[in-house]
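>
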Amino acid sequence: LWDKAREAEAEADSLGIDARRRQAEEQRRNAKDAIRGLLQANPEVQAALLRAVAGKLAQYQYDAASVPFELWQNADDAVCELGKLGETMTSADEDRFIAKSDGARLVAVHFGRLINQYRLPGGPSREELGYKRDLEKMVVQSISDK
1 LWDKAREAEA EADSLGIDAR RRQAEEQRRN AKDAIRGLLQ ANPEVQAALL
51 RAVAGKLAQY QYDAASVPFE LWQNADDAVC ELGKLGETMT SADEDRFIAK
101 SDGARLVAVH FGRLINQYRL PGGPSREELG YKRDLEKMVV QSISDK
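Residue 122 in this note's numbering is what sits at position 122 of the sequence shown, and the numbering runs on without skipping anything.
(1) What residue does the beta strand (DSSP E) around K100 start on, and which one ends it?
(2) Which word fits L1, buried or exposed, when buried means at least 16 other C-beta atoms lie within 10 angstroms of its C-beta?
(3) Whose C-beta lies closer than 7 Å to the C-beta of V109 among residues of the same chain, with five residues either side of it excluded?
(4) Are the beta-carbon atoms of K113 and E81 separated by less than 7 Å?
(5) Could you please give me the residues that DSSP links to A8 through a beta bridge?
(6) With a cut-off of 8 Å, do at least 3 Cβ pairs link the region 1-13 to the region 21-29?
(7) By the three-class DSSP mapping on this structure, what secondary structure does L106 have?
(8) What is the rounded straight-line gap between the Cα of Y118 and the Cα of Q40?
(9) Three-state secondary structure (DSSP) at E87?
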């Protein structure tokens, strides 16, 4: 669904057909919602994702101890990127990063730009910043700008 929506968007862009572009964007939103639903509610998908992430960590020789720092660094980037979308941040907002552990799991929360967020509600599109492709960049090897 995701690939078909991206192809439809590219086709609409090349043809300059706005109605088709809006339809393709809706298809992509639906695909993203389906992915989100699987990640939130399907234990098999969650386990497969966890195995894949652990495999990537091992492949790139990440030490598990470096993961919290990476999460913090990504959260810091997300706050800066939210500012590029036009969000006015106070110094209290900029410094908020929460990490909690119960011994079995680590939960990290940041207050920056969301994955694939390229505009603020009611604000102008900032597609040129490339944020629209976050999810794709995370799951497809060698296309990340990080």
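Glycine residues also receive a C-beta, built at the ideal position from the N, C-alpha and C atoms.
Just so it is clear, the structure is predicted and the values come from calculations on it, not from any experiment.
For this structure:
(1) 97-101
(2) exposed
(3) Cβ-Cβ distances below 7 Å link V109 to I98 in the same chain, with the five nearest sequence neighbours on each side left out; the list follows chain order.
(4) Before going on, a small fix: residue 113 reads as Arg here, not Lys. Between R113 and E81, the C-beta spacing is below 7 Å.
(5) Beta-bridge pairing links A8 to no other residue.
(6) Three or more Cβ pairs drawn from the region 1-13 and the region 21-29 lie within less than 8 Å of each other, which places the two stretches in contact.
(7) strand
(8) 22 Å
(9) coil
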